[in-house]
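These notes are about the structure you will find just below.
Number of protein chains: 2
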Amino acid sequence: MAPTRWGFVSAGKISNDFKVALDTLPKEEHQVVAVAARNLESAQNFAETHNIPTAYGSYAELAAQKDIDVVYIGAIHTQHAPVTTMMLQAGKPVLCEKPMSVNSREARQMIGLAKENNIFFMEAVWSRFFPVYKKIREIIESGAVGEVKAVTACFGGNISHIPRVKERSMAGGSLLDLGIYVIQFATMVFGGEEPEDITTSGHLSDGGVDEIVTVVLKYSGNRMATLLCCMSAVVANEAYVCGTKASLKIPNFWCPTEVISPDGTHEFPLPPPEKPLNFKNSTGMRYEAMEVRRCLQEGLIESPLMTHAMSLQIAGIMDQARKVVGVVYDQDKE
Amino acid sequence: MAPTRWGFVSAGKISNDFKVALDTLPKEEHQVVAVAARNLESAQNFAETHNIPTAYGSYAELAAQKDIDVVYIGAIHTQHAPVTTMMLQAGKPVLCEKPMSVNSREARQMIGLAKENNIFFMEAVWSRFFPVYKKIREIIESGAVGEVKAVTACFGGNISHIPRVKERSMAGGSLLDLGIYVIQFATMVFGGEEPEDITTSGHLSDGGVDEIVTVVLKYSGNRMATLLCCMSAVVANEAYVCGTKASLKIPNFWCPTEVISPDGTHEFPLPPPEKPLNFKNSTGMRYEAMEVRRCLQEGLIESPLMTHAMSLQIAGIMDQARKVVGVVYDQDKE
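Just so you know, the sequences run in chain order U and B. Quick note on the working numbering: the first sequence kicks off at 1315 and runs consecutively. Quick note on the working numbering: the second sequence kicks off at 1315 and runs consecutively.
Structure follows, in structure tokens:
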């Protein structure tokens, strides 16, 4: 089978890590053929560092290149919708970093466009593709924890000084950056079931973004998820799946290498990176890349592990939670 | 100094453990001189097991005994208010098991009576007196975790089959039994500050009690506590104090023997019990017993570590949370 030829949008930190993750996979399967940044020099430096043949100073040039199988969008949040739209309109399949959009309205438009044109499109919720997630689902299905009654997860750190996190104009805040991880974890465990009720409590930062937020999702059958995200304090960064008989603990649940279950710890180590990473366990993005290749080969326009409906559900929960905290982005006004 | 002479109300499981805890302290300081149960035989068996001179088949007889310095009330929740009232009216200082009452109305009446008669009265929130709690306060004050922004805590297990937990008529539910521990932890860390807002989400059991509840307390300065209690699933049973620089982890926060801090683990082991215990780390009730003796010797009517105001604050939070979940006890209707 031919290699999957990737085009990269943005030469930033996450693009670096995704390239390093791709390099842990066979070269006959994944190649990066071009990188585009808003600044040509950045793109050229990235291309040189990562041995990529072509560099562009605009995303439009990448959209026009013919021999690209899929575009990876690693730009900042506010660029996700416009750049995804540009690529889908150019007929390019897209893997867009999470959050795929700033709000549900954008998400619906992007998904509508992909469906209309029958083009593969996926939100890069990389967590979902880690082997640990498969193991979690297997353990739950085995009945080893009994009936799942609760999910708890928290994610955060003191990153409130970072412009893209603190600035409202850059769609900053804890929900879009961190909350998406705890929310996607809960919706995964509860199989995409629609919550009966969403309860939010949180604080607005001086900059008008959500600094710390608790989202509680109530599900049928007396089940619930209690989720916390925070951009101003160090929290535990772990998730639990709590059953009537026992619980599963998932340290680093957004990029996990182990699940601690009643019968012991199941470990799924990551391959070491060949170049420095910016984020924790980033070589784990290899699993979502493998899924993208599989979907493209099978002619799917969405992954069954991270469907469009799942993205819309998560975006809807974030919209509702943000509204309670009082965060309004310019995109919400359109 | 003379020994503190205790009278016990109830010969149940918690009374057993409190007696075993008292036995870890010097006999010259703590003695149990009488035990009363609603059933004389139970009291006699308890007295025999624990080498207590007097046994009564009614609480009123204990209230009438002269040489008692303080009454420990280990009866079930619904008995706390009426029996505390009886003892205070008989002029006896009281240590009443938590929750001291089924609701705030009862709590206010009990506290009013104690204040009016100038008699010592304390809710047995034993957690507050563990050496770990003092260490937590010291570490926070040292600035080692930076500014405290969040508290997280969860407490629970699948105990939904136990009558006193599942029955509405026995003031069952997760808040009164388990939630009080996570709430008192948060209010301790935030120094008794009144929350700006209380948000609750939870599920009502078939029996009309709160099966699983999340309570979020919002405090000034963008701080909050996210608290979970659950009577139908196994949860992590740990608490975190989350600061801008680092966090403290407190396993078994309701009866802790260690706090894990940025500079390592601080351990405070408990003395081993001489008789079997029913509950985890119960010899730790020794610390609240020591505090009761200190308060009595100093002529205090409340402990500065667990004041009447603190009890009222916790009862108020539980009232409000229970109301949202839809739990109504008969006592709420009076």
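All residues carry an ideal CB built from backbone N, CA and C; glycine is no exception.
Are the CB atoms of B:Met-1424 and B:Thr-1398 within a distance shorter than 7 Å?
As a working note, residue 1398 of chain B is residue 84 in the second sequence. As a working note, residue 1424 of chain B is residue 110 in the second sequence. Against a cut-off of 7 Å, the Cβ pair of B:Met-1424 and B:Thr-1398 comes out as a contact.
Based on the DSSP output, what are the partners of B:Val-1529 in its beta bridges?
For the purposes of this step, residue 1529 of chain B is taken as the residue at position 215 of the second sequence. Here B:Val-1529 is bridged, per DSSP, to B:Thr-1514, B:Leu-1541.
Give me, in chain order, the residues of the same chain whose beta-carbon lies closer than 6 Å to that of U:Ser-1617; leave out the 5 immediate sequence neighbours on both sides.
What you label residue 1617 of chain U is simply residue 303 of the first sequence in a count that begins at 1. Beyond the five residues adjoining it in sequence on each side, U:Ser-1617 comes within less than 6 Å, by CB distance, of Met-1436, Glu-1605, Cys-1609 in the same chain, given in chain order.
Residue of U:Arg-1319, U:Ile-1631, U:Phe-1593, U:Ala-1325 minimising C-alpha distance to U:Asn-1353:
For this step, residue 1353 of chain U is matched to residue 39 along the first sequence. The option with the nearest alpha carbon to U:Asn-1353 is U:Ala-1325.
Just to make sure I have the definition right: I need the residues of chain B whose C-beta is within less than 7 Å of the C-beta of U:Gly-1598. Which are they?
For the purposes of this step, residue 1598 of chain U is taken as the residue at position 284 of the first sequence. What U:Gly-1598 touches in chain B: nothing, since even the nearest Cβ is about 24 Å away.
Supposed close pair U:Gly-1557, U:Gly-1460 - CB separation, criterion 8 Å
Sequence index remark: in the first sequence, residue 1557 of chain U carries index 243 (1-based). Sequence index remark: in the first sequence, residue 1460 of chain U carries index 146 (1-based). With 8 Å as the limit, U:Gly-1557 and U:Gly-1460 qualify as a contact, their Cβ atoms being about 4 Å apart.
Min CB distance B:Asn-1330 to chain U below 7 Å:
Here the question's residue 1330 of chain B lines up with position 16 in the second sequence. Chain U contact via Cβ: absent.
Identity of the residues DSSP links to B:Met-1620 by a beta bridge:
Within the second sequence, the letter at position 306 stands for residue 1620 of chain B. According to DSSP, B:Met-1620 bridges with B:Ser-1617.
Run through DSSP, which three-state label would B:Leu-1610 get?
In the second sequence, the residue the question calls residue 1610 of chain B occupies position 296. If DSSP states are grouped into helix, strand and coil, B:Leu-1610 belongs with the helices.
Looking at the C-beta of U:Tyr-1554, does it have a partner C-beta in chain B at a distance below 7 Å?
Numbered from 1 along the first sequence, position 240 holds the residue referred to as residue 1554 of chain U. True, the Cβ-Cβ gap to chain B drops below 7 Å.
Quick check on U:Asp-1383: does DSSP put it in helix, strand or coil?
Within the first sequence, residue 1383 of chain U is the residue found at index 69, counting from 1. Coil.
Among U:His-1364, U:Asn-1359, U:Ile-1497, U:Lys-1380, which one has its Cα closest to the Cα of U:Glu-1588?
Stepping through the first sequence from its first residue, residue 1588 of chain U is reached at position 274. Answer by Cα proximity: U:His-1364.
According to DSSP, which residues form a beta bridge with B:Met-1436?
If you number the second sequence from 1, residue 1436 of chain B lands on position 122. In the DSSP output, where bridge partners are listed per residue, B:Met-1436 has B:Leu-1409.
Below-7 Å beta-carbon distance, B:Lys-1532 vs any chain U residue:
For the purposes of this step, residue 1532 of chain B is identified with residue 218 of the second sequence, where counting begins at 1. Closer than 7 Å: yes.
Please report the distance separating the alpha-carbon of U:Asn-1592 from that of U:Tyr-1386.
Residue 1592 of chain U sits at position 278 when you count from the first residue of the first sequence. Residue 1386 of chain U sits at position 72 when you count from the first residue of the first sequence. About 17 Å.
Kindly confirm or deny that the region 1339-1358 of chain U and the region 1371-1388 of chain U touch, where touching means at least three C-beta pairs closer than 8 Å.
yes
Interface residues of chain B around U:Ser-1546 at Cβ under 8 Å?
Within the first sequence, residue 1546 of chain U is the residue found at index 232, counting from 1. Correct list: Lys-1463, Asn-1536, Thr-1558.
Does the region 1540-1550 of chain U touch the region 1469-1483 of chain B, meaning 3 or more C-beta pairs lie closer than 8 Å?
no
Please state whether the Cβ-Cβ distance between U:Ile-1631 and U:Ile-1497 is less than 7 Å.
As a first step, residue 1631 of chain U must be located in the first sequence, where it is residue number 317. As a first step, residue 1497 of chain U must be located in the first sequence, where it is residue number 183. Yes; because the gap between Cβ atoms is below 7 Å, this pair is in contact.
What's the C-alpha gap between B:Val-1503 and U:Gly-1388?
By 1-based counting over the second sequence, the position of residue 1503 of chain B is 189. By 1-based counting over the first sequence, the position of residue 1388 of chain U is 74. Answer to the nearest angstrom: the Cα atoms are 40 Å apart.
Taking a Cβ distance cut-off of 7 Å, strictly less, list which residues of the region 1486-1513 of chain U are near chain B, in chain order.
Of all residues in the region 1486-1513 of chain U, Asp-1511, Thr-1513 have a Cβ within less than 7 Å of some Cβ in chain B.
Element boundaries [beta strand (DSSP E), containing B:Ile-1454]:
Within the second sequence, residue 1454 of chain B is the residue found at index 140, counting from 1. Unbroken run through B:Ile-1454 is the alpha helix (DSSP H), 1445-1456; no beta strand (DSSP E).
Report yes or no: do the region 1577-1586 of chain U and the region 1408-1416 of chain U share at least 3 C-beta pairs separated by less than 8 Å?
Taking a cut-off of 8 Å on C-beta distances, the region 1577-1586 of chain U does not touch the region 1408-1416 of chain U, as fewer than three cross pairs fall below it.
Could you tell me the distance, in whole angstroms, from the CA atom of U:Ser-1441 to the CA atom of U:Lys-1594?
As a position in the first sequence, residue 1441 of chain U is number 127, starting the count at 1. As a position in the first sequence, residue 1594 of chain U is number 280, starting the count at 1. Spanning the two alpha carbons is a distance of roughly 12 Å.
Quick check: the Cα distance between U:Ile-1450 and U:Glu-1572, rounded to an integer number of angstroms?
Locating residue 1450 of chain U in the first sequence gives position 136, counting from the first residue. Locating residue 1572 of chain U in the first sequence gives position 258, counting from the first residue. The alpha-carbon atoms of U:Ile-1450 and U:Glu-1572 are separated by roughly 10 Å.
Does the beta carbon of U:His-1344 come closer than 7 Å to any beta carbon on chain B?
Counted from its first residue, the first sequence places residue 1344 of chain U at position 30. U:His-1344 does not count as touching chain B.
Let me check one thing: in DSSP terms, what residues is B:Phe-1469 bridge-paired to?
In the second sequence, the residue the question calls residue 1469 of chain B occupies position 155. Beta-bridge pairing links B:Phe-1469 to B:Cys-1543.
When DSSP builds the beta bridges, which residues end up paired with B:Phe-1322?
Mapped onto the second sequence, residue 1322 of chain B falls at position 8. For B:Phe-1322, which the question treats as bridged, DSSP gives the partners B:Val-1349, B:Tyr-1386.
Hey, is the region 1631-1641 of chain B in contact with the region 1505-1524 of chain B, meaning 3+ C-beta pairs nearer than 8 Å?
A contact exists between the region 1631-1641 of chain B and the region 1505-1524 of chain B.
Cβ-Cβ distance between U:Val-1272 and U:Ala-1500 below 7 Å
The structure shown does not extend to residue 1272 of chain U, since chain U is modelled only from 1315 to 1648, so the question has no answer here.
DSSP on B:Ala-1485, reduced to helix/strand/coil?
Taking the first residue of the second sequence as position 1, residue 1485 of chain B is located at position 171. Of the three classes helix, strand and coil, the one that applies to B:Ala-1485 here is coil, per DSSP.
Using a Cβ cut-off of 7 Å (strictly closer), state whether U:Ser-1561 contacts chain B.
Counted from its first residue, the first sequence places residue 1561 of chain U at position 247. Yes, contact with chain B.
Where does the unbroken alpha helix (DSSP H) through B:Pro-1570 begin, and where does it stop?
Locating residue 1570 of chain B in the second sequence gives position 256, where the first residue counts as 1. Premise fails: B:Pro-1570 is in no alpha helix (DSSP H) and is neither H nor E.
Contact set between the region 1350-1361 of chain B and chain U, restricted to residues whose Cβ is under 8 Å from the partner
none
Can you name, in chain order, every residue of its own chain whose Cβ lies under 7 Å from the Cβ of B:Glu-1510, other than the five neighbours on each side?
On the second sequence, residue 1510 of chain B is found 196 positions in, with the first residue counted as 1. Spatial neighbours of B:Glu-1510 in its own chain (CB-CB distance under 7 Å, excluding positions within 5 residues in sequence) are listed in chain order as Lys-1532, Tyr-1533, Ser-1534.
Any C-beta of chain U under 7 Å from that of B:Ala-1550
What you label residue 1550 of chain B is simply residue 236 of the second sequence in a count that begins at 1. At least one chain U Cβ lies under 7 Å of B:Ala-1550.
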